[in-house]
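The structure under discussion appears below in the form of structure tokens.
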Amino acid sequence: MDARVVLPTWNAGAQLAELLARLRAQQPAGIVREIVVIDSASSDGTPELAAREGAQVISIAKSEFNHGATRTRAAEGTTATAVVFLVQDALPVGDRFVASLLAPLADPTIAGAYARVVPHENATTLVRRDVERDLVAGRARLVKRLADHPDFASWNAADRRIFCHFNNVASAIRASVFRELPFRNLPFGEDLDWGKRALEAGHGIAFAADAVVAHSHESGLARDFARHRDDAVIEAQLFGIRRPRSFLGALARAARLTARDLAGSPPQLAPLLRLAQSLGRWRGASSGASR
31 MDARVVLPTW NAGAQLAELL ARLRAQQPAG IVREIVVIDS ASSDGTPELA
81 AREGAQVISI AKSEFNHGAT RTRAAEGTTA TAVVFLVQDA LPVGDRFVAS
131 LLAPLADPTI AGAYARVVPH ENATTLVRRD VERDLVAGRA RLVKRLADHP
181 DFASWNAADR RIFCHFNNVA SAIRASVFRE LPFRNLPFGE DLDWGKRALE
231 AGHGIAFAAD AVVAHSHESG LARDFARHRD DAVIEAQLFG IRRPRSFLGA
281 LARAARLTAR DLAGSPPQLA PLLRLAQSLG RWRGASSGAS R
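Just so we're aligned: the sequence shown equals residues 31 to 321 in this note's numbering.
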């Protein structure tokens, strides 16, 4: 099995060289057949660096970027067995990362797999805790098929959303399946949307816990508001989830998260950050439900 690695970039910075070096070092030799960087008009030399490191570079205007359509464009035409999707600030851990990510695809009923995510070494305590609580933080391998759950339609919305989870921080999709079931033209949440559609089409998807990438972002009020808003929009659209339903509900959620932070060891205090996240979810849930 081998893969084309698709890497959307915008002002990726010096870490891109490290990422490309780790991809070139993957074993067995040849498992990474090609690396395609699709760059949104970077001004920091990202496309030039990628080209020097041997990647194929596709340049697009920043206004053209779309989380679904951009990745689909970069995957087109591959003759590799699979397409691996990474983000520019995710660093593979170890030289068997790609092999471990592709391993579930040895089962022909599995269409895609996604990796375990750990925080970067320099992540703050609060960010580290949030990453380690995420759906992609577990250590147990998992295979999901709707055929194994004939009562799936009766599950509550939150459980259905969790079951359909797929994560393009680091994922692999069988190329033959992706040609038939590409990402949709979505501004956000193309991975969750794909996971749901793949399962509904009868495919299996796997959580490849042995494939690990380091990935985390430091928190910021505006950034976290936007991310939580966008998460809530796609959850409302795909699963009808609306939480919190009101401004008061957002305040209550922020209070619960702040209390959890204070109960940790060592205690952390970030009430404004938790409020920004909760207000983002409220805004996104309201917006997504109305579309």
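Ideal Cβ placement from N, Cα and C applies to all residues, glycine included.
Every value quoted in this text rests on a predicted model; they were computed, and no experiment measured them.
For the pair proline 274 and tryptophan 224, the CB atoms are not nearer than the 8 Å cut-off. DSSP, read as helix, strand or coil, puts isoleucine 140 in strand. Taking C-alpha positions only, alanine 170 is separated from aspartate 260 by approximately 28 Å. Under DSSP, the beta-bridge partners assigned to phenylalanine 237 are Tyr144 and Leu172. Counting other Cβ atoms within 10 Å of its Cβ, glutamate 248 stays below 16 and is therefore classed as exposed. The criterion of a C-beta distance shorter than 8 Å is satisfied by valine 67 and alanine 80. Sequence-distant partners of glutamine 307 (beyond 5 residues in either direction) whose C-beta falls short of 6 Å from its own C-beta, in its chain, are Asp254 and His258. Within 10 angstroms of the beta-carbon of aspartate 137 lie fewer than 16 other beta-carbons, which makes it exposed. In this structure, the beta-carbon distance from alanine 202 to alanine 143 falls below 8 Å. Arginine 209 and proline 180 have their C-alpha atoms some 28 Å from each other. Around the beta carbon of proline 212, a 10 Å sphere encloses 16 or more other beta carbons of the protein chains shown; the residue is thus reported as buried. Within the segment 239-279, complete alpha helix (DSSP H) segments of at least 4 residues are found at 251-269, given in chain order.
Glycine 234 counts as buried, since at least 16 other C-beta atoms from the protein chains shown sit within 10 angstroms of its C-beta.
Secondary structure note for threonine 155: it is in no beta strand (DSSP E), and the uninterrupted alpha helix (DSSP H) holding it is 155-162.
Where glutamate 64 is concerned, the enclosing beta strand (DSSP E) starts and stops at 62-70. For the 8 Å CB-CB criterion, arginine 214 and isoleucine 271 do not form a contact. DSSP places threonine 108 in the coil class of the three-state scheme, outside both helix and strand.
Going by C-alpha positions, histidine 97 is about 19 Å away from arginine 204.
Taking 4 residues as the shortest admissible run, the segment 195-241 contains the following complete alpha helix (DSSP H) segments, listed from N- to C-terminal end: 205-210 and 220-230. Ranked by Cα distance from glutamate 220, the first of Ala33, Glu64, Asn197 and Ala256 is Asn197.
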